[in-house]
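Number of protein chains: 2
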Amino acid sequence: MQRYFMQSNYQPQADYALTGEIFHHMIRVMRMKPAERVYLVFTDQTTIIAEITEVREEQVLVKEVAKEVQEKELPLAITIASGYPKGDKLEWIVQKGTELGAAGFIGFPAQASVVKWDSKKLAKKAQRLEKIAQEAAEQSQRQVTPIVKLLENSGQLYQLLAQFDVILVAYEESAKAGEGAQLVQVLQEAAVGTRILAVFGPEGGIMPAEIEKLTAAGGRLCGLGPRILRTETAPLYLLSAASFYRELLVK
Amino acid sequence: MQRYFMQSNYQPQADYALTGEIFHHMIRVMRMKPAERVYLVFTDQTTIIAEITEVREEQVLVKEVAKEVQEKELPLAITIASGYPKGDKLEWIVQKGTELGAAGFIGFPAQASVVKWDSKKLAKKAQRLEKIAQEAAEQSQRQVTPIVKLLENSGQLYQLLAQFDVILVAYEESAKAGEGAQLVQVLQEAAVGTRILAVFGPEGGIMPAEIEKLTAAGGRLCGLGPRILRTETAPLYLLSAASFYRELLVK
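These protein sequence lines map, in sequence, to chains R and F. Take 199 as the starting number for the first sequence in my numbering and just add one per residue. Take 199 as the starting number for the second sequence in my numbering and just add one per residue.
What follows is the structure, given as structure tokens:
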């Protein structure tokens, strides 16, 4: 559909009279007829879909039928699974991860998790995190609010693995060994809408027994660059890399 | 220099006796002589530089002369300039930005900055931030500690601009307009060691008068994806993207 750039900021009007070059291009060059549609891009970046209602001598009248919706969601559905970290780090991960486009968050008691939360505490915490996710989604102009799930035992995490197309496990040992291919490959090859689970350990990291279960389920151990990232920083790196690669570099 | 992969984990020894295929390749194929050097990569990923001390019948003796140093620093020297944000956000930016490889941090009073800090308060805050940067550099195994500069007036920022090769300005309006090319181009084209200044506004954003001065000095307005990022999140996105592109994707 043809795009025309207006010289003014967007102001809602019953109809818009297009003249001069735009009129000439629409009617003389494109030979458009009533009911045909075009994009009108205003100087404030607002873009509307407009439909021709009438063609006059030297102007064409159009009316707005809809706003163009800009895609705000990551083309990959990335869920961040975090082994329960200390303090309010989970709040930080959910707030920042929501801004950065995460599809959802899963908290689970990892072997190295220091905090122990009972179901009552978890329910309260989940409520709080859902509120943080919603506020962050609004502030960052997301079109959806990420889902938050807090698990009572790690077995529930392993049961969830089958729901994802790709499982990435951020492993400190892989980072130390200079592993850098897994994340690249996933971001390069994953089809739009691919459901990716990215698993992160708590401060103590992911234990060998956990690595075994995750890799047995198809989990791919990945490094996130040569510097050792804290448990609350690593998910932001992964989400930022996904956005940069899929939303800026390869569009 | 030739790399040979050992079948054992690294254990410091006076000398290492290499036999079998490695011996064959070093001596029969490569015709190496004493004093020549090779890399030995152990199964725990430790890599040493080893020098031949003696060639025997069916084995060659080598001694460790050094460990191979893994590069931990971003190939681009990215300095984060933040308009003074509220609360302890600057602490977060410095801690996370250090983990993510920033070369330095500059704080400045932007037009929209709510907080007003006098020189005494700034000196105290700078000390605290330097400590945070040092701790984060150690924890993330950086080889250098980022420099922290807190400016008393924005004029000092504009005076510093000439010290950088590239100036990126994270501009919310650019993000809203879908700008995505500037960051990509800079990360693609910047030579190793390029000094990049990335400027971020406080909560209120960067004002038109500031944009004018920055662009007049060659600043390039860039978007960081379709979602609106908070002032403390945007720098982490930029650093993560730089690491992903220059350390993982294109090595």
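All C-beta atoms in this analysis are idealised placements derived from N, C-alpha and C, irrespective of residue type, glycine included. Keep in mind that this is a model prediction, so the values were computed, not measured.
Can residue i and residue j be called in contact, C-beta distance under 8 Å?
i        : j        : result
R/Glu410 : R/Ala308 : no
F/Gln339 : R/Ile426 : yes
F/Ala439 : F/Phe398 : no
F/Val260 : F/Ala248 : yes
F/Thr241 : F/Met199 : no
F/Thr296 : F/Gln257 : no
F/Gly376 : F/Gly305 : no
R/Gly281 : R/Pro400 : yes
F/Arg444 : F/Leu327 : no
F/Val382 : R/Leu446 : yes
F/Phe442 : R/Phe442 : yes
F/Tyr356 : F/Ala396 : no
R/Leu434 : F/Leu434 : yes
R/Gln341 : R/Lys270 : yes
Ordered along the chain, which non-local residues of its own chain (more than five positions away) have a Cβ less than 7 Å from that of residue i?
i        : result
R/Ala324 : Val346, Leu348
R/Ile330 : Glu289, Val292, Gln293
R/Lys287 : Thr429, Glu430
R/Pro166 : Within the shown structure, residues of chain R are numbered from 199 to 449, placing residue 166 of chain R beyond reach of any answer.
R/Gln332 : Thr343
R/Val313 : Tyr282, Lys284
F/Asp213 : Thr251, Leu259, Val260, Lys261
F/Gly402 : Ala310
R/Leu412 : Ile365, Val367, Val397
F/Asn351 : Pro307
R/Ala215 : Gln257, Leu259
Leaving out five residues before and five after residue i in sequence, what residues of the same chain have Cβ atoms less than 6 Å from its Cβ?
i        : result
F/Leu419 : Val367, Tyr369, Ser372
R/Gly417 : Ile365, Val367
F/Gly378 : Gly421
Verify the contact flag: residue i, CB atom, against every heavy atom of the ligand GDP, threshold strictly below 7 Å.
i        : result
R/Ala275 : This structure lacks the ligand GDP; in fact it carries no ligand of any kind.
Apart from the five residues just before and just after residue i, which ones in its own chain have a Cβ nearer than 8 Å to its Cβ?
i        : result
F/Arg229 : none
F/Tyr237 : Met199, Gln200, Arg201, Tyr202, Thr245, Ile246, Ile247, Ala248, Glu266
F/Trp315 : Tyr282, Pro307, Lys323, Leu348
F/Glu255 : none
What does the alpha-carbon distance come out to for the pair residue i and residue j?
i        : j        : result
R/Ile250 : R/Glu234 : 6 Å
F/Ala321 : R/Pro424 : 32 Å
R/Ala388 : F/Gly285 : 39 Å
R/Ser311 : F/Lys319 : 38 Å
R/Val267 : R/Leu358 : 33 Å
R/Tyr208 : R/Arg201 : 15 Å
F/Gln354 : R/Leu436 : 35 Å
F/Ser317 : R/Lys374 : 41 Å
R/Val263 : R/Glu219 : 22 Å
F/Ile246 : F/Lys265 : 4 Å
F/His223 : R/Ala335 : 59 Å
R/Ser206 : R/Ile225 : 21 Å
F/Val227 : F/Gln243 : 25 Å
R/Gln380 : R/Ile404 : 18 Å
**Report entry** Residues of the stretch 365–394 of chain R with Cβ closer than 9 Å to any Cβ of chain F, in chain order
**Finding:** Answer in chain order: Glu371, Lys374, Ala375, Gly376, Gly378, Ala379, Leu381, Val382, Leu385, Gln386.
Report task. Assess, as a yes-or-no matter, whether the stretch 355–363 of chain F is touched by the stretch 383–402 of chain F under the definition of 3 or more beta carbon pairs within less than 8 Å. Result -> Short answer: they touch.
Query raised in the report: Is the stretch 264–283 of chain R touching the stretch 293–305 of chain R in the sense that three or more CB pairs, one from each, lie closer than 8 Å?
Result: Taking 8 Å as the limit for Cβ pairs, the verdict is that the stretch 264–283 of chain R does touch the stretch 293–305 of chain R.
**Report entry** Members of the stretch 273–296 of chain R near chain F, C-beta cut-off 7 Å
**Finding:** So the list reads Lys294, given in the order they occur along the chain.
Requested in this report: Using a Cβ-Cβ cut-off of less than 9 Å, list which residues of the stretch 205–236 of chain R approach chain F; keep chain order.
Outcome: Against chain F - using a Cβ distance shorter than 9 Å - the stretch 205–236 of chain R contributes no residues.
Query raised in the report: Between the stretch 236–269 of chain F and chain R, which residues of the former have CB atoms less than 7 Å from a CB of the latter, in chain order?
Result: Interface annotation for the stretch 236–269 of chain F against chain R: Gln243, Gln268, Glu269, criterion Cβ-Cβ distance under 7 Å.
Query - Contact set between the stretch 350–362 of chain R and chain F, restricted to residues whose Cβ is under 8 Å from the partner - result: Cβ contacts with chain F: none found.
**Report entry** Short-range partners of chain F found in the stretch 313–341 of chain R, where Cβ spacing is below 8 Å
**Finding:** The residues in question are Gln337, Ser338, Gln339, Arg340.
Query raised in the report: Can you list, in chain order, the residues of the stretch 423–440 of chain F whose Cβ is nearer than 7 Å to any Cβ on chain R?
Result: Sequence-ordered contacts of the stretch 423–440 of chain F with chain R read Gly423, Pro424, Arg425, Ile426, Leu427, Arg428, Thr431, Leu434, Tyr435, Ser438, Ala439 [C-beta pairs closer than 7 Å].
Requested in this report: Closer than 8 Å, Cβ to Cβ, to anything on chain R: give me those residues from the stretch 393–411 of chain F, in chain order.
Outcome: Of all residues in the stretch 393–411 of chain F, none is placed with a Cβ closer than 8 Å to any Cβ belonging to chain R.
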